[in-house]
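Residue 574, in numbering that gives the first Met the number 0, is where the first sequence stops; the numbers in between run on with no holes.
Single-structure report; data block below.
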Amino acid sequence: MRYSEMFLPTTKEIPSDAEIASHQLMLRAGMIRKLAGGIYSYLPLGYRVIRKVENIVREEMNRAGAQELFLPAVQPAELWIESGRWNMYGKELLRFKDRHNRDYCIGPTHEEVITALVRDEIQTYRQLPKNLYQIQTKFRDEIRPRFGIMRSREFNMKDAYSFDADEEGAEKSYRKMFEAYNRIFKRCGLTFRPVEADSGNIGGSFSHEFMVTADSGEDAMVHCTSCDYAANLEKAEISRPDERADQAINFAPMEKVHTPDVRTIEEVCAFLDVAPQDVVKTMIFMCDGKPVAVLVRGNEDINEAKLRNYLGCDLLELAMDDTILEVTGSPWGFAGPLGIKSRIIADYSLSGMKNFVVGANREDHHIKNCNMGRDFEIRDYADLRIVREGDVCPRCGKELRIVRGIEVGHVFKLGVKYSKAMNATFLDRDGKEKYMIMGCYGIGIGRTVAACVEQSRDEDGIIWPMSIAPFQVIITPVNINDENLSNTAEELYGSLIEDGVEVILDDRNERAGVKFKDADLTGIPIRITIGAKSLAEGKVEVRFRKSGEVEKIPLETVRDFIAKTIMDQLTISCS
RNA sequence: CGGGGCGUAGCGCAGUCUGGCAGCGCGCCUGCUUUGGGAGCAGGAUGUCGCAGGUUCAAAUCCUGCCGCCCCGACCA
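See the structure below:
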């Protein structure tokens with residue numbers, strides 16, 4: 000490719016509506032342009048990188064025995080009604096009608112389509128297992144798209160679906176995908192970590208997210224400083240504490256106090272002069288339409304994902320004011336366990352608490368010196384709170400650390416959720432009809448590219464690893480009007496193309512500085528500078544984007560040097 | 001959905017309060033000089049001031065409505 004002919008609009012100035020580095024750099028490097036909120040065009044340079052990642056994904060999926068197919072982006076409502084998700088999915092699902100007034104959506108994911116396809120074509124265990132994948136444009140009408148292609152509404156995703164006859168098979172399929180994902184992200188040059196993830200309301204299922212560590216990441220994850228435990232913050236467990244109530248402290252007499260308009264933990268603490276950890280927070284949730292009171296220590300927060308799993312409910316939300324009034328007999332802000340008209344469950348953090356403050360279930364009143372055992376009983380104890388920095392590892396007891404990350408991939412054991420809803424069955428060896436056991440496995444292609452930029456850049460621009468760089472080499476003749484330089488550049492360009500190197504020749508009539516800046520910004524791993532001084536010695540300069548190191552290489556050996564360097568770097572990112 | 005901010009040349013912005021010739025920097029075009037880290041000089045082109053309506057002799061500027069974009073929040077008792 001000749002730079003002079005390429006559609007590659009780089010910019011000096013930072014676009015004002017880009018917040019994070021990857022978004023800014025991808026715009027500046029002429030990789031992407033925004034068309035509408037959360038909807039982007041991929042320009043040639045950006046698309047080359049996308050294709051590189053897609054191909055790594057393809058190679059590894061194929062290696063793992065998955066087969067590529069291509070499903071429709073537009074899907075009829077019937078399928079979604081069948082799976083029950085037409086009503087469940089909410090506003091994220093982009094719906095529309097065709098000319099016959101029939102309902103359709105643009106697929107945010109393809110479980111329905113693939114399940115319908117496989118159910119119609121597979122009848123016997125002899126045809127299982129199968130693992131099918133595609134790389135497709137998805138659309139999710141996000142509440143708030145942001146960070147460029149990191150969280151966009153339209154995005155490119157690899158999604159794979161496995162179908163197995165039994166649990167062992169499903170387990171094997173899952174492991175294969177897990178391994179493939181490790182290879183994929185390693186080959187993309189990413190620093191990442193598979194973490195245990197919340198499996199939603201499909202109890203007992205298994206799920207891992209592949210998180211690229213980055214401070215700008217939207218997700219929080221927890222990892223142990225000692226063992227290899229790592230989990231999404233939503234999922235991260237807290238061990239059941241020892242029953243170690245402080246015997247030295249005696250129960251004080253319970254006392255109802257007037258607390259006018261004192262509602263939040265902060266207000267209660269200030270008003271009663273106590274610490275948040277001496278208060279019990281009572282929150283009323285609606286769990287599939289039924290109210291539940293959840294108790295947690297005042298300085299902790301409820302983890303809704305854990306609560307949902309514990310209760311095994313589909314729909315969980317905080318109760319509205321009228322429900323609170325009904326259950327507690329008071330407006331919000333004064334709820335407590337005493338005399339409440341609902342089921343009560345408590346987080347482990349209540350363990351050992353004595354003489355604490357609770358709401359009195361009466362407007363403008365709280366209760367001091369409340370105690371479990373004496374004043375009320377807790378039957379349901381569970382791990383319901385969010386992990387904090389300083390909590391200990393549920394596996395080994397050492398310290399946990401919280402870091403931020405970008406979720407680039409997700410592997411998930413679905414079980415029979417969709418095969419059951421959509422009647423995807425097969426005839427097993429024993430002559431019985433059974434539901435196929437499914438798994439699904441996603442990778443955000445664009446997000447992987449953005450994550451890579453987040454992790455690999457400097458003040459001059461992007462630093463691509465060889466494996467996904469848009470070009471492997473850029474040839475920069477310092478002055479194109481010097482025939483000696485431009486002829487040498489042209490010749491070298493021709494031979495590198497012959498060698499199969501992905502090379503761009505910067506044949507623009509620009510000053511050297513401009514070319515260097517663009518080469519750095521676009522992040523091409525190897526720059527071959529052709530200048531008068533070195534050329535007089537029969538040499539060219541090979542500069543590495545990542546290290547900034549320059550090597551002078553004799554013109555006659557530069558082909559071999561480049562070929563070897565590229566091979567080395569690709570091999571390193573493979574292993 | 002709630003709150004805040006913004007919308008003026010391809011990009012980044014000033015001008016809006018206090019109505020009166022449409023501006024600056026970068027980029028772009030032409031010429032000359034220059035040519036190893038975003039060149040210099042000279043000349044030049046480029047606007048539905050987001051859209052619609054209203055007030056006014058006169059609107060980028062004031063008023064009303066709408067649209068788009070960005071940021072924060074979305075119930076944690």
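Where a beta carbon is used, it is the ideal one built from N, C-alpha and C, also for glycine.
Residue burial annotation: CYS395 is exposed, with fewer than 16 other C-beta atoms found within 10 angstroms of its C-beta. Nearest to LEU24 by C-alpha distance, out of ARG558, ILE527, GLY522, is GLY522.
In the three-state reduction of the DSSP assignment, ASN61 falls in the helix class. Looking only at PRO75, ALA169, ASP97, the smallest Cα-Cα distance to LYS129 is reached by ALA169. Counting C-beta pairs closer than 8 angstroms gives fewer than three between the segment 207-218 and the segment 474-481, which falls short of the contact rule.
Closest in C-alpha terms to VAL386, from the list PHE162, MET282, ALA35, GLU236, comes GLU236. The shortest C-alpha to C-alpha distance from ASP321 to any of PRO330, ILE525, ARG57, ASP313 is the one to PRO330. Inter-residue distance for GLY443 and LYS157 is about 7 angstroms (C-alpha atoms, whole angstroms). ALA159 has its alpha-carbon roughly 41 angstroms from the corresponding atom of PHE515. A distance of 8 angstroms or more separates the beta carbons of MET176 and ARG446. According to the DSSP assignment, ARG403 belongs to the beta strand (DSSP E) that extends over 399-414.
Distance from the Cα of ARG507 is smallest, within the candidate group ALA488, GLY499, CYS187, for ALA488.
With a threshold of 16 other beta carbon atoms within 10 Å, ASP457 falls short and is exposed. Restricting attention to GLU81, ARG152, GLU120, the CA atom closest to the CA of GLY36 is found in ARG152. Within a 10 Å sphere around the beta-carbon of THR136 sit fewer than 16 other beta-carbons, which makes this residue exposed. In summary, LEU349 is buried, with 16 or more beta-carbon neighbours lying within 10 Å of its beta-carbon over all protein chains present. Going by DSSP, GLN135 is part of the beta strand (DSSP E) stretching over 129-138. Scanning LEU127, GLU18, VAL117, GLY83 for the CA closest to the CA of ASP427 turns up LEU127. In this chain, GLN276 is not harboured by any alpha helix (DSSP H), its DSSP state being neither H nor E.
LEU24 sits in a helix when the DSSP states are folded into three classes.
Taking a cut-off of 8 angstroms on C-beta distances, the segment 308-319 does not touch the segment 264-272, as fewer than three cross pairs fall below it. In this structure, the straight-line span from the alpha carbon of ARG27 to that of MET566 is close to 29 angstroms. Collapsing the DSSP output to three states places PHE284 in a strand.
It is roughly 37 angstroms from the alpha-carbon of ALA251 to the alpha-carbon of LYS234. Runs of the alpha helix (DSSP H) lying entirely within the segment 95-123 and spanning at least 4 residues, in chain order: 110-120. Ranked by Cα distance from LYS305, the options ASP197, ILE283, GLY404 are led by ASP197.
Under the three-pair Cβ rule at 8 angstroms, the segment 113-128 counts as touching the segment 424-439.
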